[in-house]
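Novice:
Numbering (the working numbering), first residue to last: 3 to 199.
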């Protein structure tokens with residue numbers, strides 16, 4: 003059995019990578035999107051009672067959309083690694099195994115990189131903003147880029163690590179053939195669902 007690495011042909015990804023990178027730069031590059039983030043968070047906050055409609059402290063929503071989703075992605079990724087190892091051992095390493103390995107790397111590295119970055123960005127969460135019952139003025143990524151706000155190590159909300167885990171499912175596109183655009187649906191669904199929570 004040969005364990006020579008058969009790398010997938012990344013040229014077959016076509017238009018997706020440049021378009022997704024451009025969208026990412028647009029999202030990061032527009033300071034006005036912080037207001038969108040606050041607006042979306044405001045939909046889940048009752049300003050009259052200063053309470054969140056889906057509280058973080060326990061509850062079914064927290065178990066499903068935060069803790070459960072992260073565990074499901076982790077357990078699913080672990081099972082996929084085991085299956086990849088067993089099938090590669092039995093059948094020999096093929097391009098399909100390489101594609102699965104890269105997809106699993108995308109799934110695993112996306113939240114790891116996001117969590118490493120959030121330790122350095124010093125950006126506040128919407129829940130910390132005075133507008134949403136927090137105890138401070140919000141700090142945006144642009145305020146940190148231009149040194150308009152000091153670094154505060156307790157502010158670790160950008161990029162969102164749990165949402166990044168959901169978007170890590172974009173790696174599934176490497177496993178698809180002709181209709182690979184369908185593989186973006188699980189990543190979009192998981193990323194936005196986990197991110198909105």
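In this text, a Cβ means the ideal position worked out from N, Cα and C, and glycines have one as well.
Please read these numbers as outputs of a predicted model, since none were measured by experiment.
Given residue 36, which residues of its chain have a CB within under 6 Å of its CB, disregarding the five upstream and five downstream residues?
Specialist: In the chain shown, the residue the question calls residue 36 occupies position 34. 142, listed in sequence order.
Novice: Should the stretch 41-61 be called in touch with the stretch 139-157, which here means at least 3 C-beta pairs below 8 Å?
Specialist: no
Novice: In whole angstroms, give me the CA-to-CA distance for residue 5 and residue 168.
Specialist: Here the question's residue 5 lines up with position 3 in the chain shown. Here the question's residue 168 lines up with position 166 in the chain shown. Residue placement at residue 5 cannot be trusted, given a pLDDT of 47 that sits under 50; the coordinates are not used to answer.
Novice: Closer than 6 Å: is that where the CB of residue 64 sits relative to any heavy atom of the ligand PLP?
Specialist: Of the ligands one can find in the structure shown there are none, so the ligand PLP has no counterpart to examine.
Novice: Do residue 157 and residue 129 have their CB atoms nearer than 7 Å?
Specialist: The sequence position of residue 157 within the chain shown is 155, counting from 1. The sequence position of residue 129 within the chain shown is 127, counting from 1. Not closer than 7 Å, so no.
Novice: Check this for me: beta carbons of residue 177 and residue 101, under 7 Å apart or not?
Specialist: Counting from 1 along the chain shown, the entry for residue 177 is found at position 175. Counting from 1 along the chain shown, the entry for residue 101 is found at position 99. Yes, Cβ-Cβ distance for residue 177 and residue 101 is below 7 Å.
Novice: Contact defined as beta carbons within less than 8 Å: I believe residue 106 pairs with residue 79. What is the distance between those atoms, to the nearest angstrom?
Specialist: Reading the chain shown from its first residue, position 104 is the one you call residue 106. Reading the chain shown from its first residue, position 77 is the one you call residue 79. Residue 106 to residue 79, Cβ: 6 Å. Contact.
Novice: Could you tell me the alpha carbon to alpha carbon distance between residue 114 and residue 50, rounded to whole angstroms?
Specialist: Along the chain shown, one-based indexing puts residue 114 at 112. Along the chain shown, one-based indexing puts residue 50 at 48. Cα to Cα, the separation comes out at about 37 Å.
Novice: Tell me the DSSP bridge mates of residue 131?
Specialist: Here the question's residue 131 lines up with position 129 in the chain shown. DSSP lists 138 as partners of residue 131.
Novice: Between which two residues does the alpha helix (DSSP H) containing residue 113 stretch?
Specialist: As a working mapping, residue 113 is identified with position 111 in the chain shown. 97-123 is the span of the alpha helix (DSSP H), which, as asked, contains residue 113.
Novice: Per DSSP, residue 53 is paired with what?
Specialist: To locate residue 53, count along the chain shown from 1; it is residue 51. DSSP lists 48 as the beta-bridge partner residues of residue 53.
Novice: Among the candidates 27, 55, 75 and 17, whose CA atom is the shortest distance from the CA of residue 170?
Specialist: Position 168 of the chain shown holds residue 170. It is 75 whose Cα lies nearest to the Cα of residue 170.
Novice: Within 10 angstroms of its Cβ, does residue 92 collect 16 or more other Cβ (buried), or is it exposed?
Specialist: Residue numbering aside, residue 92 sits at position 90 when the chain shown is read from its first letter. Result: exposed.
Novice: Just how far apart, CA to CA, sit residue 3 and residue 81?
Specialist: The residue labelled residue 3 in the question sits at position 1 within the chain shown. The residue labelled residue 81 in the question sits at position 79 within the chain shown. Residue placement at residue 3 is flagged as unreliable, the pLDDT there being 44, under the threshold of 50; a coordinate-derived value is accordingly withheld.
Novice: Under the assumption that residue 123 contacts residue 160 (Cβ atoms under 8 Å), give the Cβ distance between them as a whole number of angstroms.
Specialist: The count along the chain shown starts at 1 and reaches residue 123 at position 121. The count along the chain shown starts at 1 and reaches residue 160 at position 158. The C-beta distance from residue 123 to residue 160 rounds to 5 Å, short enough to meet the 8 Å contact threshold.
Novice: Out of 21, 191, 20 and 197, point me to the one whose CA is closest to residue 116's CA.
Specialist: For the purposes of this step, residue 116 is taken as residue 114 along the chain shown, with counting starting at 1. From the listed residues 21, 191, 20 and 197, the smallest Cα separation to residue 116 is found for 197.
Novice: Just the C-alpha distance for residue 87 and residue 27, rounded to the nearest angstrom, thanks.
Specialist: Taking the first residue of the chain shown as position 1, residue 87 is located at position 85. Taking the first residue of the chain shown as position 1, residue 27 is located at position 25. A direct Cα-to-Cα measurement between residue 87 and residue 27 gives close to 36 Å.
Novice: Which same chain residues end up closer than 8 Å to residue 179 when comparing Cβ atoms and leaving out the 5 residues on each side of it in sequence?
Specialist: As a working mapping, residue 179 is identified with position 177 in the chain shown. Cβ neighbours of residue 179 beyond the five flanking positions: none.
Novice: Write down the C-beta distance between residue 131 and residue 42 rounded to the nearest angstrom, noting that I regard them as a contact closer than 8 Å.
Specialist: On the chain shown, position 129 is the one that residue 131 refers to. On the chain shown, position 40 is the one that residue 42 refers to. Contact doesn't hold; Cβ gap of about 12 Å is too wide.
Novice: Alpha carbon to alpha carbon, how far is residue 66 from residue 195? Give it in angstroms, no decimals.
Specialist: Indexing the chain shown from 1 puts residue 195 at position 193. Indexing the chain shown from 1 puts residue 66 at position 64. C-alpha separation (whole angstroms): 10 Å.
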